[in-house]
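Written out below as structure tokens is the structure these notes cover.
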Amino acid sequence: MLKGVDTNLAFYTVSPHPSPEIKHLSLTQLAIQNGASVFGRTMPNFFADKFGVLNVLALVSFGTGVMVFTLFGISTAGTVVVFAILYGFFSGGCKYSFSSGFFTSSPILFGF
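First residue of the sequence shown: 65, per the working numbering; consecutive thereafter.
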């Protein structure tokens, strides 16, 4: 699961489009995606204290899956930017909430 989330989708969103304005967004999309990932790594952890780690992990995993399916509807430069922000946020939360969700699901196994 984490290998698919870690895949950089900047090249998948811009490669099939013949429009030159969208093709020039690949590096910009990568920077936007990594910037939004910073907020995705920190903000879900605050909510995990209140609502539970596994609940937040399920929410951000669902959001990441929805964003992968919206990849097929990208047609303009504005939608590329919105996709980069939302996918960066959700994938960052999914990557960094996974380890804490893994350890809370079985505390006896790890001896904590």
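Where is the CB? At the ideal position from N, CA and C, for every residue including glycine.
{"query": "Of the residues 95, 128 and 108, which one's Cα is nearest the Cα of residue 119?", "result": "108"}
{"query": "Report the rounded CA-to-CA distance for residue 93 versus residue 168, giving the unit in angstroms.", "result": "34 angstroms"}
{"query": "Excluding the 5 residues flanking residue 96 on each side, which residues of the same chain have their C-beta closer than 7 angstroms to its C-beta?", "result": "145, 148, 149 and 152"}
{"query": "Anyone know if the C-beta pair for residue 124 and residue 99 falls short of 8 angstroms?", "result": "no"}
{"query": "Can you tell me whether residue 121 is helix, strand or coil according to DSSP?", "result": "helix"}
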